[in-house]
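Number of protein chains: 2
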Amino acid sequence: MKTKLGAMALVYPIPIILCGANVKGKPNYATLGACGVMGLKPPLIYVSLMETHYTTGGIAENQTFSVNFPSTRLMAVTDYCGIVSGRDADKSELFENFYGELGTAPMIRECPVNLECRVEKDVRIHGRAIFIGEVIQVHADERCVVERNGRKALADMPTLDPLICAPDDHYYRSGRAIGNAYSEGRDYH
Amino acid sequence: MKTKLGAMALVYPIPIILCGANVKGKPNYATLGACGVMGLKPPLIYVSLMETHYTTGGIAENQTFSVNFPSTRLMAVTDYCGIVSGRDADKSELFENFYGELGTAPMIRECPVNLECRVEKDVRIHGRAIFIGEVIQVHADERCVVERNGRKALADMPTLDPLICAPDDHYYRSGRAIGNAYSEGRDYH
Chain A
23 MKTKLGAMAL VYPIPIILCG ANVKGKPNYA TLGACGVMGL KPPLIYVSLM ETHYTTGGIA
83 ENQTFSVNFP STRLMAVTDY CGIVSGRDAD KSELFENFYG ELGTAPMIRE CPVNLECRVE
143 KDVRIHGRAI FIGEVIQVHA DERCVVERNG RKALADMPTL DPLICAPDDH YYRSGRAIGN
203 AYSEGRDYH
Chain B
23 MKTKLGAMAL VYPIPIILCG ANVKGKPNYA TLGACGVMGL KPPLIYVSLM ETHYTTGGIA
83 ENQTFSVNFP STRLMAVTDY CGIVSGRDAD KSELFENFYG ELGTAPMIRE CPVNLECRVE
143 KDVRIHGRAI FIGEVIQVHA DERCVVERNG RKALADMPTL DPLICAPDDH YYRSGRAIGN
203 AYSEGRDYH
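Those sequence lines, one after another, are chains A and B. Using the numbering used here, the first residue of the first sequence is number 23, and each one after it goes up by one. Using the numbering used here, the first residue of the second sequence is number 23, and each one after it goes up by one.
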């Protein structure tokens, strides 16, 4: 039997990311769960922020942003970045910042994987600023990189150890591998 | 040390969903990882499909779609729906279909959670059809519903048991809870 829960934006699991932008010339980071893939060729991802968020102005100004994936050991500082606004606290000293090819998208050295993105489209809807970005470069810790089919690729989830959220507002670790994409269903039917 | 991996759309973990639409009057389902939250009030989510995908035409025609979250026991059939196009195989008999308030967004009884959505904005970019939808109703299996703060809410991740994907193209189970959102960082600094 199904129960109606009303109108809610429930997607799970929720990837927790730190969205980086220069605001007033300084690195700032906002914790978001509103991030995902939109396309592969060219590589497109999005972040959705409130138009009133401090980070939003920095992205709109520079037309660049970063996506940083904290591992579970960064849970406390990541949660902190989601509670406190850059208007009220200077977040530029929380991490070791670095810049890549775009020059204006600050990234977090302590996060195992970082994407630098150029804004491709800026969609405003119901007070939200949705930035669709083209990924220009992916930076990853060497220990999180493997060779797959002759190319450098990201390691498995236990190695990346991402911080994951869920509709119950708990943080979770990733679990164990159970199958292969584009393979488990090959003989279905 | 960081290594450059090139330009790739890497977001993890990836929520695996079955996107439902009526195509030529019949339920069809496409397996996607390109789905996420965009806003909470009103509740906005998105799905991103290739413009050439069979499901895309159905969503554009009806201006409605569904998001269905398979549990891990649906791994094989979910993978199958990602391998085979609705053009080549009739997917309307794979599941027990049901409809909700919108009447044209088919949902999957076997998935523990289903969202029915009305298209709010249709963004086309680089051959992609990105449908931003307002969630009109959430349907959930009774066993996945708990009471939280006096309201009906979704249970924890081990109960929902979502099928999760990662950049290594493996499917994963969710892991264990490690903390509370908006709480772990309260005393940071």
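Note that CB positions come from ideal geometry on N, CA and C, so glycine has one too.
Best match in the options for proximity to residue i [C-alpha to C-alpha]
i, options, result
"Leu-40/B", "Ala-31/B, Asn-84/B and Ala-98/B", "Ala-98/B"
"Gly-207/A", "Arg-95/B, Glu-132/B and Asn-119/B", "Arg-95/B"
"Arg-109/A", "Tyr-193/A, Tyr-76/A and Thr-100/A", "Tyr-76/A"
"Leu-185/B", "Leu-62/B, Ala-82/B and Asn-90/B", "Asn-90/B"
"Pro-128/A", "Tyr-194/A, Leu-27/A and Tyr-51/A", "Tyr-51/A"
"Ser-196/A", "Gly-61/B, Val-59/B and Asp-183/B", "Asp-183/B"
"Pro-65/B", "Lys-143/A, Met-60/A and Val-33/A", "Val-33/A"
"Gly-104/B", "Asp-144/B, Ala-203/B, Asp-191/B and Lys-143/B", "Asp-191/B"
"Tyr-194/B", "Ala-188/A, Lys-26/A and Asp-178/A", "Asp-178/A"
"Tyr-68/B", "Cys-187/B, Arg-140/B and Arg-165/B", "Arg-140/B"
"Ala-188/A", "Pro-35/B, Lys-26/B, Asp-112/B and Ala-188/B", "Pro-35/B"
"Asn-61/B", "Met-30/B, Ala-31/B, Glu-156/B and Thr-181/B", "A quick correction: the sequence has Gly, not Asn, at residue 61/B. Checked all of Met-30/B, Ala-31/B, Glu-156/B and Thr-181/B; the closest Cα to Gly-61/B is Glu-156/B."
"Met-30/B", "Gly-55/A, Val-59/A, Asp-112/A and Phe-87/A", "Val-59/A"
"Tyr-210/B", "Leu-116/A, Asp-209/A, Phe-87/A and Arg-198/A", "Leu-116/A"
"Ile-130/B", "Ala-111/B, Lys-26/B, Thr-53/B and Met-23/B", "Thr-53/B"
"Thr-25/A", "Arg-165/B, Ser-205/B and Arg-198/B", "Arg-165/B"
"Phe-87/A", "Thr-100/A, Ala-111/A, Cys-57/A and Ser-93/A", "Cys-57/A"
"Pro-180/A", "Ile-154/A, Ser-93/A, Glu-132/A and Tyr-204/A", "Ser-93/A"
"Met-23/B", "Arg-146/A, Ala-203/A and Glu-132/A", "Glu-132/A"
"Ser-205/A", "Gln-85/B, Thr-100/B, Gly-47/B and Leu-176/B", "Thr-100/B"
"Glu-142/A", "Pro-37/A, Asn-84/A and Ala-111/A", "Asn-84/A"
Counted within 10 angstroms of its Cβ, other Cβ atoms place residue i as buried (16 or more) or exposed
i, result
"Val-2/A", "Outside the modelled stretch of chain A, which goes from 23 to 211, sits residue 2/A, for which no answer is possible."
"Gly-28/B", "exposed"
"Val-167/A", "buried"
"Tyr-102/A", "buried"
"Lys-63/B", "exposed"
"Gly-125/A", "exposed"
"Lys-113/A", "buried"
"Gly-201/A", "buried"
"Gly-55/A", "buried"
Please name the residues in the region 81 to 97 of chain B whose beta-carbon is closer than 8 Å to at least one beta-carbon of chain A, in chain order. Val-89, Phe-91, Thr-94 and Met-97
Taking only runs of the beta strand (DSSP E) that begin and end inside the region 23 to 69 of chain B, which ones reach a length of at least 3 residues, in chain order? 24 to 28, 39 to 45, 48 to 54 and 57 to 61
Quick check: the region 65 to 84 of chain A against the region 41 to 53 of chain A, are there 3 or more CB pairs under 8 Å? yes
Touch check for the region 169 to 183 of chain B and the region 114 to 122 of chain B: three-plus C-beta pairs under 8 Å? no
Which parts of the region 102 to 172 of chain B are runs of the beta strand (DSSP E), unbroken and 3 residues or longer, counting only runs that do not cross its ends? 135 to 147, 150 to 163 and 167 to 170
The region 140 to 150 of chain A contacting the region 66 to 76 of chain A, beta-carbon criterion three pairs below 8 Å: yes
Is the region 158 to 167 of chain B touching the region 128 to 146 of chain B, taking contact as three or more C-beta pairs under 8 Å? yes
Any residues in the region 184 to 206 of chain A with a beta carbon nearer than 8 Å to a beta carbon of chain B? Which ones, in chain order? Pro-184, Ile-186, Cys-187, Ala-188, Pro-189, Asp-190, Asp-191, His-192, Tyr-193, Tyr-194, Arg-195, Ser-196, Gly-197, Arg-198, Ala-199, Ile-200, Gly-201, Asn-202, Ala-203, Tyr-204, Ser-205 and Glu-206
Interface residues of the region 55 to 79 of chain A facing chain E [CB-CB below 9 Å]: In the structure shown, chain E cannot be found, because the protein chains are A and B.
Members of the region 135 to 155 of chain B that neighbour chain A once the beta carbon cut-off is set at 8 Å: Val-135, Asn-136, Leu-137, Glu-142, Lys-143, Val-145, Ile-147, His-148, Gly-149, Arg-150, Ile-152 and Ile-154
Please identify, using Cβ separations under 9 Å, the residues of the region 104 to 118 of chain A that lie next to chain B, in order along the chain. Gly-104, Ile-105, Val-106, Ala-111 and Leu-116
Using a Cβ cut-off of 9 Å, which residues of the region 34 to 48 of chain B contact any Cβ in chain A, in chain order? Tyr-34, Pro-35, Ile-36, Pro-37, Ile-38 and Ile-39
The region 120 to 132 of chain A: positions lying closer than 7 Å to chain B by Cβ: none
Quick one: which residues of the region 170 to 183 of chain A get their C-beta closer than 8 Å to a C-beta of chain B? List them in chain order. Arg-170, Lys-174, Ala-175, Leu-176, Ala-177, Asp-178, Met-179 and Leu-182
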